[in-house]
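Numbering (our numbering), first residue to last: 9 to 722. Note that CB positions come from ideal geometry on N, CA and C, so glycine has one too.
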């Protein structure tokens with residue numbers, strides 16, 4: 009119970025637990041629960057009335073600032089959705105992760121536990137009909153609407169999970185608000201977006217608490233771009249969010265706040281940060297340590313943020329907690345801002361270093377002044393970017409649920425055209441397979457192309473996948489991992505087959521290139537299985553369409569480029585992690601289990617799907633045949649392995665008796681014989697009676713990857 013774990017004994021061991029996350033047995037709703045079906049029965053109008061009542065009914069145990077919890081709910085939603093980063097698609101609001109550690113206890117999330125607790129009566133009432141993940145976003149929308157903003161829309165469909173994700177790398181630091189993630193020119197570590205451990209975005213005081221608006225603007229731009237936001241969206245988000253509410257810093261958080269929720273005693277019942285300054289709430293509340301209100305109308309949507317920002321010159325001051333913030337020069341604005349709890353008291357406005365950055369950076373200032381002069385444009389821009397922020401990790405619009413889903417198609421949703429043609433049937437599929445196999449394209453080329461197309465999928469934010477055939481468009485067409493020259497030849501041949509087939513059809517029957525790429529991979533796998541003595545049929549469901557350049561954001565899609573793909577024995581430059589760890593990370597993004605990852609690697613090796621036809625890991629004398637040779641030969645005790653490079657990335661396998669060179673392999677290959685858990689699975693597939701099982705399991709895992717983005721399938 010209390011002894012050290014394996015990770016304590018061997019801290020560098022491969023973490024396969026991330027391929028076993030969220031098991032069905034951990035879900036209290038049961039395997040038959042259909043959240044989408046339950047959500048469709050939800051009365052959203054009744055839910056809105058109940059949420060509105062929460063927003064405007066102040067509770068003694070945590071009084072509402074200005075009599076309205078709207079600003080608190082907006083912060084809750086912003087900090088839930090704002091963990092998203094475009095580099096790996098992780099973070100975001102899609103699973104209600106703010107309920108769990110570490111997010112529920114980050115210093116930037118102080119007192120958001122109260123926001124969720126205020127919503128508990130509503131969640132209790134509606135139960136299974138709405139998830140926490142959806143309820144939080146819906147409450148944020150209602151907060152905006154009750155304070156006067158017309159929102160862009162709302163989509164349900166975020167199913168809850170029941171434990172935190174352990175696969176998210178939040179940074180290298182071991183202390184809250186630590187910063188070891190920037191290099192000498194303040195470039196963030198590759199996948200990260202937030203500036204310090206435990207912050208959602210940037211430090212509001214300025215970079216590492218230095219109150220410099222100009223350098224703060226640089227950090228803001230980097231962070232928000234890594235969330236998928238451009239400059240105009242960034243300005244709109246900051247201004248719109250800071251139109252409402254206040255900051256809380258009645259006293260020093262370190263001196264006067266108790267432990268965060270994960271460290272709080274049992275009697276606090278999941279709440280944290282109990283305040284010991286004064287009453288610990290209301291006007292004595294402490295969150296960030298900054299203290300002040302941005303605008304004269306903190307519970308009403310208007311243009312007062314920019315009117316305030318440009319209406320004064322600003323001077324530095326220290327908050328009561330000792331943090332840097334800004335107030336109008338020479339006593340300006342005195343008496344214009346209401347007190348959050350005492351109607352007889354007024355204040356001057358207060359802004360943050362990161363607010364002043366919108367006036368100090370030339371590009372941000374130009375955008376800000378346009379918004380100042382065009383309030384309607386700000387309202388539209390904020391409504392749109394709020395919708396983007398809160399829906400960015402939901403994937404294609406097919407996953408959106410409910411009557412409030414906007415009709416407008418948006419570029420960041422990676423849209424693909426609707427099916428506007430008759431789909432191919434069984435006879436067409438058989439004929440197309442024959443044409444593909446007779447085209448001169450090899451098994452390896454067909455398999456590699458289908459894999460390259462489908463394996464862009466990320467379960468984290470539901471982006472990528474084979475639908476759309478964006479592999480034929482830039483930037484994917486030119487990615488090094490895809491061997492662009494070979495890919496171009498394969499695509500050209502498949503396009504000729506597509507054009508010829510479609511030209512002969514009647515009644516608007518067609519096959520998309522997206523479908524043909526996947527079908528070509530299926531045909532190749534079936535032929536390879538036949539070559540190994542197994543007659544199998546790879547599942548194939550037509551219905552994919554081809555995306556256009558117009559509806560493909562090349563800059564956004566660039567984030568999907570793999571820096572490594574162990575399934576193809578590819579490792580690019582720039583990663584500090586061992587290749588086997590990168591393989592597991594990629595398998596995690598493909599939503600694969602340990603056995604699925606294992607069988608796919610073994611199968612892809614013998615099919616010759618390596619990057620640029622590398623011989624690494626091709627442990628077979630019959631490449632192109634779907635055999636279990638990879639596992640048989642890897643586990644052969646007659647082979648002795650030695651590294652051939654200083655970084656131990658590649659290895660030679662020689663006959664123990666003769667010294668004859670038999671194989672070459674990578675770290676990704678050898679880990680299936682080295683790691684005890686992976687070896688246990690590899691032994692299953694290396695067994696004499698496992699040949700048929702290997703083929704069957706490979707086909708199932710292959711079909712899963714090909715269909716990862718097919719939310720239109722039951």
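Item checked: Nearest-angstrom Cα separation, counted from residue 22 out to residue 451 -> 32 Å
Check: With contact counted as at least three CB pairs below 8 Å, one residue from each stretch, are the segment 207–226 and the segment 351–367 in contact?
Finding: yes
Notebook entry, point to check: Taking the DSSP output, what are the residues bridged to residue 254?
Noted result: 301
Check: Can you name the start and end residues of the alpha helix (DSSP H) that residue 312 belongs to?
Finding: 312–319
Note to self: Let's test the definition: count the other Cβ atoms within 10 Å of the Cβ of residue 323 and tell me whether it reaches 16, buried, or not, exposed.
What the structure shows: exposed
Margin query: To the nearest angstrom, how far is the alpha carbon of residue 38 from that of residue 32?
Written below: 7 Å
Next item on the list: Would you mind working out which of 111, 188 and 197 sits nearest residue 584, comparing C-alpha positions?
Entry: 197
Next item on the list: Quick one: using the 10 Å Cβ neighbour count with 16 as the cut-off for buried, is residue 534 buried or exposed?
Entry: buried
Notebook entry, point to check: Shortest alpha-carbon distance to residue 146 belongs to which of 122, 306 and 164?
Noted result: 164
Next item on the list: List in chain order: all unbroken alpha helix (DSSP H) runs of 4+ residues lying wholly within the segment 659–702.
Entry: Within the segment 659–702, the runs of alpha helix (DSSP H) at least 4 residues long that lie entirely inside it are, in chain order, 675–682 and 684–694.
Notebook entry, point to check: Below 8 Å between beta carbons: does that hold for residue 90 and residue 395?
Noted result: no
Margin query: Whole angstroms are fine: how far does the CA of residue 63 sit from the CA of residue 757?
Written below: Because the chain here runs from 9 to 722, residue 757 falls outside it and cannot be looked at.
Check: Would residue 27 pass as a contact of residue 600 if the rule is Cβ separation under 8 Å?
Finding: Yes, the Cβ-Cβ distance between residue 27 and residue 600 is below 8 Å.
Margin query: Using a 10 Å radius around the Cβ and a threshold of 16 neighbouring Cβ atoms, would you call residue 547 buried or exposed?
Written below: exposed
Notebook entry, point to check: How about the segment 629–645 and the segment 678–687: do they share at least three Cβ pairs that are nearer than 8 Å?
Noted result: yes
Notebook entry, point to check: What are the partner residues of residue 569, as DSSP defines its beta bridges?
Noted result: Per DSSP, none; premise fails for residue 569.
Notebook entry, point to check: In this structure, does DSSP put residue 578 in helix, strand or coil?
Noted result: strand
Next item on the list: Mark residue 345 as exposed unless 16 or more other C-beta atoms lie within 10 angstroms of its C-beta, in which case mark it buried.
Entry: buried
Notebook entry, point to check: Would DSSP call residue 208 helix, strand or coil?
Noted result: coil
Notebook entry, point to check: Do residue 421 and residue 437 come within 8 Å of each other at the CB atom, strictly closer than that value?
Noted result: no
Next item on the list: Name the one or two DSSP bridge partners that residue 554 has.
Entry: Answer is 476.
Notebook entry, point to check: CB residue 1 to CB residue 86, shorter than 8 Å?
Noted result: In the structure as shown, the chain begins at 9 and stops at 722. Residue 1 is therefore absent and cannot be evaluated.
Checklist line | alpha helix (DSSP H) segments (min. 4 residues) lying fully within the segment 60–121 | finding: 78–89
Notebook entry, point to check: Do the CB positions of residue 505 and residue 461 come within less than 8 Å of each other?
Noted result: no
Next item on the list: With DSSP as the reference, label residue 542 as helix, strand or coil.
Entry: Of the three classes helix, strand and coil, the one that applies to residue 542 here is coil, per DSSP.
Check: Pick from 369, 128 and 175: whose alpha carbon is nearest that of residue 229?
Finding: Considering only alpha carbons, the answer is 369.
Notebook entry, point to check: DSSP three-state call for residue 282: helix, strand or coil?
Noted result: coil
Item checked: Three-state secondary structure (DSSP) of residue 710 -> DSSP places residue 710 in helix when its eight states are reduced to three.
Check: In whole angstroms, what separates the C-alpha of residue 427 from that of residue 434?
Finding: 18 Å
Next item on the list: Below 7 Å CB to CB, which residues in the same chain sit around residue 78 once its five sequence neighbours on both sides are set aside?
Entry: Contacts found: 63, 151, 154, 155, 252 and 307.
Check: Helix or strand or just coil, what does DSSP make of residue 215?
Finding: Residue state for residue 215 is assigned as helix, using DSSP reduced to three classes.
Item checked: Sequence-distant residues of the same chain with beta carbon closer than 8 Å to residue 170, five excluded per side -> 30, 34, 35 and 36
Note to self: Helix, strand or coil, according to DSSP, for residue 388 in the structure here?
What the structure shows: helix
Check: When the Cα atoms are used, what is the spatial distance from residue 655 to residue 693?
Finding: The alpha-carbon of residue 655 is positioned some 29 Å away from that of residue 693.
Margin query: Tell me the DSSP secondary structure of residue 266 in three-state form.
Written below: coil
Note to self: For the segment 607–614 against the segment 630–641, do three or more pairs of beta-carbon atoms, one drawn from each stretch, fall closer than 8 Å, so that the two count as touching?
What the structure shows: Contact holds: three or more Cβ-Cβ distances are below 8 Å.
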